[in-house]
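**Student:**
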């Protein structure tokens, strides 16, 4: 019998999660049934959306129950197979949650496809975050030649892809990142046309200066004060795909002045399009085209990306807490074994 | 020489406009040049968007300058024609602004087309407000059979059309109106499936009860507290065309709690589409089809509507002030002569 360790939600956080909200457990895996696989997890993806699952509030997905295993996507190796499509040693992408080993139905895993990139790419640039960028830009943002696209968390897996897709479409990519190291990476390694540090006291003025022709697409993945700086810069008919609001995930109350009228006023005055989405919605229609189009560009280095790999399963909670504070630098992945 | 009276913006309002913000002037019309028409205004349309033009803030249209003539659409009779397409006595739709007579270029007026309905219909049900409803529903709202459509100011020219278009598409129409008289009209004369009075203290609970399957399209033309009541009822993939925010036009400050995070959170959690628009954007593509499709339905009574006709040019400012307070009952039009 295989012993697995798993990290469960010990209690719901009030505001920012702390170590006490998580608990590590040891379990014995069940027997592998017909059509199932036993997996040894290699890498665990940590993503901001997981903060939402820790709250009881209903969202697009059910919350993780208290004492339930934290959800998440992983790269894993097949250690036992009772399904004809998989052999021991195969590498797969699975939704095992935060655990070291798991038994899962074979029809819920996918064979790893990374076009020659490392396995971790399947969790980032070629996985859910990369596709989130691709779907939001392809279906909602639709940047045109000469337009200006702004994205925050630009050194992260979604933001870095958004800016590079903008440039592939002939648009100008303006990134927002936190601190000089991340800003330098966005400008020099990712090749964005401009980058602005949201920690600078005159951030809003700098952003305006970086967008002399206004903003045609603001890819919203952070919310908060960045939105306030972007709003006055949006051009008529600007598009705002909304895939994340990490800046407000940990908020416990509301601010003391109402920012909604300004937003709705701009929606009306500038004929804005704001569209929330989860990449699932577009996966059937666009994921194959994403892999075919972007996979080779990642493999040949046309599309750059960065990963932040934390070593050790037990470090997942701390790494996740840091993610919500912007401490990671690149796609955050935990090396499990 | 023809003498005209016109109402100008005497000063910019702070909050709700008052009589002092308007001034009536008498002018002598210029000579009618080649390609121009002299018009005698019959009816002046009063619409909430005019409040925006009274403010200095840049919006989708330039503000009216102080001492400038208040802008607006009118029905008028040609009294002098120096253009081959028009004859004296022709009825036209024009943008003369708030005045009794005007000289305008002939290429800026349209011959009245009301499919047998009264001339005032060209300013309401078959004019800009009716088309605003049609464009927002056709392009953005896209109600499907069995869905629920909610609209506020349901007895007004936009709202009444929105609900009837929803029903033509097989959707359920839920109207919001202020006071028992308007509510009875929406239910009994317009035939909405349900109506809720936003003045009732338990308005939000009543709205929830009237929408047991949630809300698929919220046609936003008022903003304010109605939005707060609708937000929790919106279904995944709900569409929100935004064509007006009359409840916030007169606001002078911001509330004391921030409503933006809840809105953006819902955008993300429910994959909402919010799209501001001005009917101009869709006029070339959809106005002819609107007239062809809706004109006969207005003429044969399939589509009901109501007008609130105020007698006398001098009453325009008071009527407009009342419009922003919801005092009108139906499309507000001033009978000029």
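Protein chains in written order, with full-length UniProt numbering: chain A, 1 to 337; chain B, 1 to 337. For glycine and all other residues, C-beta sits at the position ideal for the given N, C-alpha and C.
Mapping the DSSP letters down to three states, classify residue 284 of chain B as helix, strand or coil.
**Tutor:** Along the second chain, one-based indexing puts residue 284 of chain B at 284. Helix, per DSSP.
**Student:** Roughly how many whole angstroms lie between the Cα atoms of residue 266 of chain A and residue 195 of chain A?
**Tutor:** The residue labelled residue 266 of chain A in the question sits at position 266 within the first chain. The residue labelled residue 195 of chain A in the question sits at position 195 within the first chain. Looking at the two C-alpha atoms, the distance is approximately 24 Å.
**Student:** If you draw a straight line from the alpha carbon of residue 43 of chain B to that of residue 207 of chain B, how long is it in whole angstroms?
**Tutor:** Your numbering for residue 43 of chain B matches position 43 in the second chain. Your numbering for residue 207 of chain B matches position 207 in the second chain. Answer to the nearest angstrom: the Cα atoms are 36 Å apart.
**Student:** Going straight from the alpha carbon of residue 93 of chain B to that of residue 110 of chain B, what length do you get?
**Tutor:** As a working note, residue 93 of chain B is residue 93 in the second chain. As a working note, residue 110 of chain B is residue 110 in the second chain. Their backbone Cα atoms lie some 5 Å apart in a straight line.
**Student:** Which residue comes first and which comes last in the beta strand (DSSP E) that contains residue 102 of chain B?
**Tutor:** Reading the second chain from its first residue, position 102 is the one you call residue 102 of chain B. Start and end: 101 to 105.
**Student:** Report the three-state DSSP secondary structure of residue 164 of chain A (helix, strand or coil).
**Tutor:** Taking the first chain and counting its residues from 1, the one referred to as residue 164 of chain A is at position 164. DSSP places residue 164 of chain A in helix when its eight states are reduced to three.
**Student:** Using DSSP bridges, identify the partner residues of residue 308 of chain A.
**Tutor:** As a position in the first chain, residue 308 of chain A is number 308, starting the count at 1. Paired residues: A:332.
**Student:** So, with DSSP's three-state summary, where would you put residue 250 of chain A?
**Tutor:** Locating residue 250 of chain A in the first chain gives position 250, counting from the first residue. The answer is coil: DSSP assigns residue 250 of chain A none of H, G, I, E or B.
**Student:** Could you work out which residue in A:221, A:88, A:74 is closest to residue 336 of chain A when comparing CA atoms only?
**Tutor:** Mapped onto the first chain, residue 336 of chain A falls at position 336. Of A:221, A:88, A:74, the residue nearest in Cα terms is A:74.
**Student:** Would you check whether the ligand SAM has a heavy atom nearer than 8 Å to the C-beta of residue 277 of chain B?
**Tutor:** Looking for the ligand SAM in the displayed structure turns up nothing, as the structure carries no ligands at all.
**Student:** Using 8 Å as the cut-off, can you tell me whether the region 284 to 302 of chain B makes contact with the region 110 to 121 of chain B, which would need three or more C-beta pairs spanning the two stretches below that distance?
**Tutor:** Taking 8 Å as the limit for Cβ pairs, the verdict is that the region 110 to 121 of chain B does touch the region 284 to 302 of chain B.
**Student:** Please work out which residues of its chain come closer than 7 Å, Cβ to Cβ, to residue 231 of chain B, disregarding the five sequence neighbours upstream and downstream, and give them in chain order.
**Tutor:** Position 231 of the second chain, counted from the start, is the residue given in the question as residue 231 of chain B. Counting only Cβ-Cβ distances below 7 Å, and skipping sequence neighbours, we find 262, 263, 266.
**Student:** For the region 51 to 78 of chain A, which residues have a beta carbon sitting closer than 7 Å to at least one beta carbon of chain B?
**Tutor:** 59, 60
**Student:** What is the DSSP secondary structure of residue 36 of chain B, counted as helix, strand or coil?
**Tutor:** As a working note, residue 36 of chain B is residue 36 in the second chain. Strand at residue 36 of chain B.
**Student:** Output needed for residue 273 of chain A: all residues of its chain with C-beta closer than 6 Å, excluding positions within five of it in sequence on either side, in chain order.
**Tutor:** For this step, residue 273 of chain A is matched to residue 273 along the first chain. Excluding residues within five positions, the ones whose Cβ falls inside 6 Å are 239.
**Student:** Should the region 173 to 184 of chain B be called in touch with the region 240 to 252 of chain B, which here means at least 3 C-beta pairs below 8 Å?
**Tutor:** no
**Student:** Please list the residues of the region 256 to 283 of chain A that have a C-beta atom closer than 7 Å to any C-beta atom in chain B, keeping them in chain order.
**Tutor:** 256, 257, 258, 259, 260, 261, 263, 264, 265, 267, 268, 269, 270, 271, 272, 273, 274, 275, 276, 277, 278, 281
**Student:** Can you give me the C-alpha to C-alpha distance between residue 134 of chain B and residue 141 of chain B, rounded to a whole angstrom?
**Tutor:** Start at 1 with the first residue of the second chain, and residue 134 of chain B comes out as number 134. Start at 1 with the first residue of the second chain, and residue 141 of chain B comes out as number 141. Their backbone Cα atoms lie some 10 Å apart in a straight line.
**Student:** Using a Cβ-Cβ cut-off of less than 8 Å, give me the residues of the region 122 to 133 of chain A that come near chain B, in sequence order.
**Tutor:** Listed by position, the residues of the region 122 to 133 of chain A near chain B (Cβ gap below 8 Å) amount to none.
**Student:** If you scan the region 184 to 212 of chain A from start to end, which runs of the beta strand (DSSP E) of 3 or more residues do you find wholly inside it?
**Tutor:** With a minimum length of 3 residues, the unbroken runs of beta strand (DSSP E) contained wholly in the region 184 to 212 of chain A fall at 194 to 197.
**Student:** Along the chain, where does the beta strand (DSSP E) containing residue 48 of chain A start, and where does it finish?
**Tutor:** Stepping through the first chain from its first residue, residue 48 of chain A is reached at position 48. Neither: residue 48 of chain A is in no beta strand (DSSP E) and is coded neither H nor E.
**Student:** What ranges does the alpha helix (DSSP H) occupy inside the region 220 to 278 of chain A, keeping only unbroken runs of at least 4 residues that lie completely in it?
**Tutor:** Those alpha helix (DSSP H) runs which fall completely within the region 220 to 278 of chain A and span 4+ residues are 225 to 230, 246 to 249, 260 to 269.
**Student:** Given a threshold of 16 other Cβ atoms within 10 Å of its Cβ, counted over all protein chains shown, does residue 120 of chain A qualify as buried or as exposed?
**Tutor:** Taking the first chain and counting its residues from 1, the one referred to as residue 120 of chain A is at position 120. Residue 120 of chain A comes out buried.
**Student:** Please confirm whether residue 279 of chain A and residue 132 of chain A have their CB atoms less than 9 Å apart.
**Tutor:** Reading the first chain from its first residue, position 279 is the one you call residue 279 of chain A. Reading the first chain from its first residue, position 132 is the one you call residue 132 of chain A. Cβ atoms of residue 279 of chain A and residue 132 of chain A: closer than 9 Å.
**Student:** Run through chain B and tell me which residues come within less than 9 Å of residue 141 of chain A, C-beta to C-beta.
**Tutor:** Counting from 1 along the first chain, the entry for residue 141 of chain A is found at position 141. Within chain B, no residue comes near residue 141 of chain A; the closest Cβ sits about 14 Å away, beyond 9 Å.
**Student:** Among the residues of its own chain, which have a CB less than 7 Å from the CB of residue 420 of chain B, if the five just before and after it don't count?
**Tutor:** With chain B running from 1 to 337 in the structure shown, residue 420 of chain B is simply not present.
**Student:** Please confirm whether residue 276 of chain A and residue 271 of chain B have their CB atoms less than 9 Å apart.
**Tutor:** If you number the first chain from 1, residue 276 of chain A lands on position 276. If you number the second chain from 1, residue 271 of chain B lands on position 271. Their beta carbons are under 9 Å apart, which means residue 276 of chain A touches residue 271 of chain B by this criterion.
**Student:** Give the single residue among B:33, B:319, B:126, B:26 whose Cα lies nearest to the Cα of residue 158 of chain B.
**Tutor:** Here residue 158 of chain B is taken as the residue at index 158 of the second chain, counted from 1. Comparing Cα positions, the closest option is B:126.
**Student:** Could you name the residues that DSSP lists as bridge partners for residue 25 of chain A?
**Tutor:** As a position in the first chain, residue 25 of chain A is number 25, starting the count at 1. A:6.
**Student:** Just to confirm before moving on: does the CB-CB distance between residue 190 of chain A and residue 220 of chain A stay below 9 Å?
**Tutor:** For the purposes of this step, residue 190 of chain A is taken as the residue at position 190 of the first chain. For the purposes of this step, residue 220 of chain A is taken as the residue at position 220 of the first chain. For residue 190 of chain A and residue 220 of chain A, no; Cβs fall outside 9 Å.
**Student:** May I have the straight-line CA-CA distance separating residue 104 of chain A from residue 36 of chain A, to the nearest angstrom?
**Tutor:** Residue numbering aside, residue 104 of chain A sits at position 104 when the first chain is read from its first letter. Residue numbering aside, residue 36 of chain A sits at position 36 when the first chain is read from its first letter. For residue 104 of chain A and residue 36 of chain A, the distance between alpha carbons rounds to 6 Å.
**Student:** Can you find the residues in the same chain that come closer than 6 Å, C-beta to C-beta, to residue 67 of chain B, ignoring five residues on each side of it along the sequence?
**Tutor:** What you label residue 67 of chain B is simply residue 67 of the second chain in a count that begins at 1. Within the same chain, residue 67 of chain B has close Cβ partners 8.
**Student:** Anything in chain B within Cβ reach of residue 138 of chain A, meaning under 7 Å, just list it in chain order.
**Tutor:** Stepping through the first chain from its first residue, residue 138 of chain A is reached at position 138. Near residue 138 of chain A there are no residues of chain B at all, since even the closest Cβ is about 16 Å away, more than 7 Å.
**Student:** Check residue 147 of chain B in the structure and name its three-state DSSP category.
**Tutor:** To locate residue 147 of chain B, count along the second chain from 1; it is residue 147. Coil, per DSSP.
**Student:** Give me the DSSP bridge partner(s) of residue 175 of chain B.
**Tutor:** The count along the second chain starts at 1 and reaches residue 175 of chain B at position 175. Answer is B:151, B:195.
**Student:** Have a look at residue 294 of chain A and residue 166 of chain A and give me their C-alpha separation to the nearest angstrom.
**Tutor:** The residue given as residue 294 of chain A occupies position 294 in the first chain. The residue given as residue 166 of chain A occupies position 166 in the first chain. For residue 294 of chain A and residue 166 of chain A, the distance between alpha carbons rounds to 13 Å.
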